[in-house]
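Notes follow once the structure below has been shown.
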Amino acid sequence: MRPDISIIIPVYNSQGTVERAIKSVVNQSFTNWELILVNDGSTDHSPELCKNWLNNPRICYFSQENHGVSVARNSGAAKATSDWLVFLDADDELEADALALYWDSIKCNPQQKIFVGGITKITGENKVTKIPEEGVYQAKIPGTFCLRTVVFHSVGGFDSRLKFSENTELFHRINLLGYSEILLKKATVKYYDNPQGGSKNSENLMDSLLIILEKHNDTLSSHVQFLYHQILGVNYMRFEEFRKARIHLWDAFQLKPFKMQTMARLMIAFLPPLAKIIYTKN
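Using our numbering, read the sequence shown as starting at 446 and increasing by one per residue.
Next comes the structure, spelled out in structure tokens:
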């Protein structure tokens, strides 16, 4: 029987968590799914752990050279055989009724192309559930959305250059085509917050935001542009690149000139000794 929903998990050196993610799919209350595991050049035991699940006919696995999470997701989507896609990171979990919730929503809204659920954010022992709200800007997290396969392919999939904000950028292109989301009032994914990575993660974030600003400068809302310039300005100060920090904080100030915090940050960017004390690279 042809699956109704394809779940795609990109796998890169995820031996500590990937089986947890796989189990969260296998244990779904909704059963007509396929799971596509994409090994993105792992060098640990992730491939062996994935292959242990191949006795389940609904699970398929393939490997590619390491090209990054966006390429891995695109590769998985190219192999999907269903009309609907869900992307799940190897260190997260679907809630037990996530696919059932998506499928019920699809049946009730047959013309709709995109559904977005909430998240249960887990940091150590703390759990916080966040439900999407109308009119509130939010980054999209893999596993929180289910979208039509044809829509995903029509916009060209994920931008392979991005290592951060790739989901938000994807949704921006989808929204530009006139598609909107239905927001579900339940969490569909357990998102494990792992605040590691340090300066390398900051560099990846900055590179991605610069790409998005260049790519979508004419179509991003002023609020999103303001947010991105603020993030870039603060991070450039952390890396002691004060000229670049001033450029982005000035852009943010021009977008929202009455934000005192932005004005304060801009002034600090002109005082490198003070900036080095306040903004430290970690």
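Note that the Cβ used here is the ideal one computed from N, Cα and C, for glycine as well.
> Does the Cβ-Cβ distance between PHE603 and TYR547 come in under 9 Å?
Replying inline: no
>> Report the CB separation of PRO577 from GLY521 in whole angstroms; it is logged as a contact under 8 Å.
In response: Going by Cβ atoms, the distance from PRO577 to GLY521 rounds to 24 Å, so no, they are not a contact pair.
> Do the segment 554-568 and the segment 472-486 make contact, defined as three or more Cβ pairs closer than 8 Å?
Replying inline: no
>> Mapping the DSSP letters down to three states, classify GLN556 as helix, strand or coil.
In response: coil
>> Is there a Cβ of chain B sitting closer than 9 Å to that of HIS668, yes or no?
In response: Going by chain labels, chain B is absent from the structure shown, which holds only one protein chain.
>> For GLU493 and THR526, I'd like the C-alpha separation in whole angstroms.
In response: 24 Å
> Where DSSP assigns a beta bridge to ALA517, which residues make up the other side?
Replying inline: The secondary-structure analysis by DSSP pairs ALA517 with nothing; it has no beta-bridge partner.
> Going by Cα to Cα distance, which pick from ASN472, GLN706, LYS575, VAL516 is closest to SER605?
Replying inline: VAL516
> Which stretch, first to last residue, makes up the alpha helix (DSSP H) that contains ASN680?
Replying inline: 667-683
>> Considering Cα atoms alone, identify which of VAL595, ASP534, LEU694, ALA523 is closest to ARG558.
In response: Reading the sequence as shown, one finds Lys at residue 558 and not Arg. For LYS558, the nearest C-alpha among the options comes from VAL595.
>> Using the three-state DSSP reduction, which class does PHE590 fall into: helix, strand or coil?
In response: strand
> Using the beta-carbon count (16 or more within 10 Å), is PHE698 buried or exposed?
Replying inline: buried
> Measuring CA to CA, which of LEU628, ARG618, LYS635, TRP529 is closest to ASP542?
Replying inline: LYS635
> Can you tell me the Cα-Cα spacing of PRO717 and ALA709, whole angstroms?
Replying inline: 13 Å
> In whole angstroms, what is the alpha-carbon distance linking GLU540 and LYS689?
Replying inline: 42 Å
> In its own chain, which residues sit with a C-beta less than 7 Å from the C-beta of GLU614, not counting the 5 before and 5 after it?
Replying inline: ASP604, LEU607, ILE657
> Ordered along the chain, which non-local residues of its own chain (more than five positions away) have a Cβ less than 7 Å from that of SER550?
Replying inline: PHE560, ILE627, LEU629
> Just to check, is the beta-carbon of ILE504 closer than 8 Å to a non-hydrogen atom of the ligand MN?
Replying inline: For the ligand MN, the structure offers nothing, since it holds no ligand at all.
> Relative to the alpha-carbon of LEU621, which residue among ASN639, LYS631, PHE597, ASP638 has its alpha-carbon at the smallest distance?
Replying inline: PHE597
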